[in-house]
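Chemist: One structure coming up, written as structure tokens, with questions to follow.
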Amino acid sequence: MASTIRELKVDVKTVYLGQEAYRDGGGYVFAYTVTMQNTGNVPARLLGRRWLITDANGKTIEVVGEGVVGEHPYLRPGEAFQYTSSTMIETPVGSMQGSYQLLADDGVPFEAPIPPFRLAIPRTLH
Numbered sequence: 044m045a046s047t048i049r050e051l052k053v054d055v056k057t058v059y060l061g062q063e064a065y066r067d068g069g070g071y072v073f074a075y076t077v078t079m080q081n082t083g084n085v086p087a088r089l090l091g092r093r094w095l096i097t098d099a100n101g102k103t104i105e106v107v108g109e110g111v112v113g114e115h116p117y118l119r120p121g122e123a124f125q126y127t128s129s130t131m132i133e134t135p136v137g138s139m140q141g142s143y144q145l146l147a148d149d150g151v152p153f154e155a156p157i158p159p160f161r162l163a164i165p166r167t168l169h
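So, in structure tokens, the structure goes:
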């Protein structure tokens, strides 16, 4: 009998969208496109997400919520789901990381890490 593997591969691409005025100052807006693929051998449904968004000043905001973009994708082994969302930070450079919470068809909940990725306006990093 083969072992059960519960695994989600996550890839993120970012795009700088521009600067917006908000609150007491300006903010830098970034879109991020996430592609997630079930690389395990058990179907699973994404239940929630947790993001840590950090700007260059070390200010971190935690975002916790259900699903992604209003959906709870169900992924069979090998299937992928892609979505685009956005975030705003107070500095031209920052980072995001986090995790997705999933429930496998065998009833076992598991967490898939979202590796850290950089938010940066073009030509600010060498």
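Count along the sequence shown from 1, then add 43; that gives the number in the working numbering. Cβ atoms here follow ideal geometry from the backbone N, Cα and C, with glycine treated the same way.
Give every residue of the same chain whose Cβ lies closer than 7 angstroms to the Cβ of Thr78, excluding the five residues on either side of it in the sequence, and list them in chain order.
Modeler: Sequence index remark: in the sequence shown, residue 78 carries index 35 (1-based). If we look at Thr78 and ignore the five residues flanking it on each side, its Cβ neighbours are Asp54, Ala123, Gln125.
Chemist: For Asp27, count neighbouring C-beta atoms within 10 Å of its own C-beta (all shown protein chains included) and say buried if the count is 16 or more, exposed if not.
Modeler: The requested residue 27 does not occur in the structure, where the chain is confined to residues 44 to 169.
Chemist: Rounded to the nearest angstrom, what separates Gly32 and Trp94 at their Cα positions?
Modeler: Missing from the structure shown is residue 32; the chain here goes from 44 to 169 and no further.
Chemist: Taking DSSP as the reference, what is the three-state secondary structure of Gly137?
Modeler: The sequence position of residue 137 within the sequence shown is 94, counting from 1. DSSP places Gly137 in strand when its eight states are reduced to three.
Chemist: Determine, using beta carbons only, whether Ile96 and Ile48 come nearer to each other than 8 angstroms.
Modeler: Taking the first residue of the sequence shown as 1, we reach residue 96 at position 53. Taking the first residue of the sequence shown as 1, we reach residue 48 at position 5. Cβ atoms of Ile96 and Ile48: not closer than 8 angstroms.
Chemist: Taking buried to mean at least 16 other C-beta atoms within 10 Å of its own C-beta, is Arg92 buried or exposed?
Modeler: Taking the first residue of the sequence shown as 1, we reach residue 92 at position 49. Per the 10 Å Cβ criterion, buried.
Chemist: For the beta strand (DSSP E) that Ala123 lies in, which residues bound it at each end?
Modeler: Position 80 of the sequence shown holds residue 123. Unbroken beta strand (DSSP E) run through Ala123: 123-132.
Chemist: Where does Thr82 fall in DSSP's three states?
Modeler: Here residue 82 is taken as the residue at index 39 of the sequence shown, counted from 1. Three-state result, Thr82: coil.
Chemist: Using the three-state DSSP reduction, which class does Glu50 fall into: helix, strand or coil?
Modeler: Taking the sequence shown and counting its residues from 1, the one referred to as residue 50 is at position 7. In the structure shown, Glu50 sits in coil (DSSP, three-state: anything other than H, G, I, E or B).
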